[in-house]
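Since the structure comes first, as structure tokens, the remarks are kept for the end.
2 protein chains.
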Amino acid sequence: MQADIVIRALGALAQEHRLAAFRALVQAGESGLSAGTLAEALQLPNSSLSFHLAQLTNAGLIRQQRQGRSLIYSADYAAMNGLMGYLTKNCCAGAVCAADANCSISEERNVA
Amino acid sequence: MQADIVIRALGALAQEHRLAAFRALVQAGESGLSAGTLAEALQLPNSSLSFHLAQLTNAGLIRQQRQGRSLIYSADYAAMNGLMGYLTKNCCAGAVCAADANCSISEERNVA
DNA sequence: CTAATGATTCGATAATCGTAGAAATATCGA
DNA sequence: TCGATATTTCTACGATTATCGAATCATTAG
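Taken in sequence, the protein lines are chains A and B. All the letters of the first sequence, read from the start, carry residue numbers 1 to 112 under our numbering. All the letters of the second sequence, read from the start, carry residue numbers 1001 to 1112 under our numbering.
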């Protein structure tokens, strides 16, 4: 993972509503959540949420997938994993858990 | 660690020069680096770097300490550790490494 | 005390971000 | 096809961010 994408990912998460949205998507797991559901959960106007989801998508942290008229968003665990790996390696003095910093489920669970 | 401070920390790191500065400080370790040294390393005007260091300080990621006329900055490993912990717990589906996500040295090595 | 050094704060400016209503786009049901 | 539903894109605007020279503050040496 490169510094450029890391910065975009950090920036994407560095905002109240986006962090909340991402957390909700992580919690939702594989099946994800529709834009509407998310907008209601976060109490945001659709257009505002849409803006934030676009930022997260642009940062590669979430994925979009159409299902009927709904757009279902879901967290990209591998991307989050990459971010954690970068931070561990570059911002944590190459500490102990560097090798374990697979904070995903994803690699394992997505495949399963 | 609370969402509010997490957002400030993420925002602080989500910028080219600040991420570079923080990485340099992490690498520098305990002894830290002076503002001047850092400014030269990053090729930034003093006033610009000062602005960024203030942001990092405000986010609690770095510490300041005067030494003669120089201000020495150093990374706060515990804060970074806290950030990693939050992300692991809240943004990684409570994955495997949650308990290990002590990405610091700090707690152990600072004391030593 | 004065000059020199290291660094921050001030000030102005350009650029980006967040917000949310309104208009447009896509899909589905009848 | 037409209307309803789900969402995005457009638009405008206020707020925040990044930049950096100039002015200021703090510390030390002479």
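Glycine included, each C-beta is placed from N, C-alpha and C at the ideal position. All values reported here derive from a predicted model rather than from experimental measurement.
Pick out whichever of the options has its Cα sitting closest to the Cα of residue i.
| i | options | result |
| --- | --- | --- |
| Gln1055 (chain B) | B:Arg1066, B:Tyr1073, B:Ala1041 and B:Gln1027 | B:Tyr1073 |
| Leu1049 (chain B) | B:Cys1092, B:Gly1082 and B:Leu1019 | B:Leu1019 |
| Met80 (chain A) | B:Arg1069, B:Leu1071 and B:Cys1092 | B:Cys1092 |
| Lys1089 (chain B) | A:Ala14, A:Arg23, A:Ala3 and A:Asp4 | A:Arg23 |
| Leu1044 (chain B) | B:Asp1076, B:Ala1075, B:Ala1021 and B:Gly1085 | B:Ala1021 |
| Glu1030 (chain B) | B:Gln1065, B:Tyr1086 and B:Ser1070 | B:Gln1065 |
| Leu13 (chain A) | A:Arg69, A:Ala78, A:Ala59 and A:Leu87 | A:Ala59 |
Does DSSP put residue i in a helix, in a strand, or in coil?
| i | result |
| --- | --- |
| Ala1035 (chain B) | helix |
| Gln1043 (chain B) | coil |
| Gln27 (chain A) | helix |
| Gln1002 (chain B) | coil |
| Gln1015 (chain B) | coil |
| Ala1093 (chain B) | coil |
| Ile7 (chain A) | helix |
Within its chain, find whatever has a CB closer than 8 Å to the CB of residue i; leave out the 5 residues flanking it on each side and keep chain order.
| i | result |
| --- | --- |
| Gln1067 (chain B) | Ser1034 |
| Ser70 (chain A) | Ser34, Ala35 and Gly36 |
Would you list the one or two residues that DSSP bridges to residue i?
| i | result |
| --- | --- |
| Ala1075 (chain B) | B:Ile1062 |
| Gln67 (chain A) | A:Ser70 |
Leaving out the 5 sequence neighbours to the left and right, which residues in its chain are closer than 7 Å to residue i when beta-carbon positions are compared?
| i | result |
| --- | --- |
| Leu83 (chain A) | Met1, Val6 and Ala9 |
| His1017 (chain B) | Leu1042, Leu1044 and His1052 |
| Thr1057 (chain B) | Gln1064 |
| Gly32 (chain A) | Leu25, Ile72, Tyr73 and Ser74 |
Leaving out the 5 sequence neighbours to the left and right, which residues in its chain are closer than 6 Å to residue i when beta-carbon positions are compared?
| i | result |
| --- | --- |
| Ala28 (chain A) | none |
| Ala3 (chain A) | none |
| Arg1063 (chain B) | Ser1074 and Asp1076 |
| Ala39 (chain A) | Asn46 and Leu49 |
| Gln15 (chain A) | none |
| Val26 (chain A) | Ala75 |
| Gly1011 (chain B) | none |
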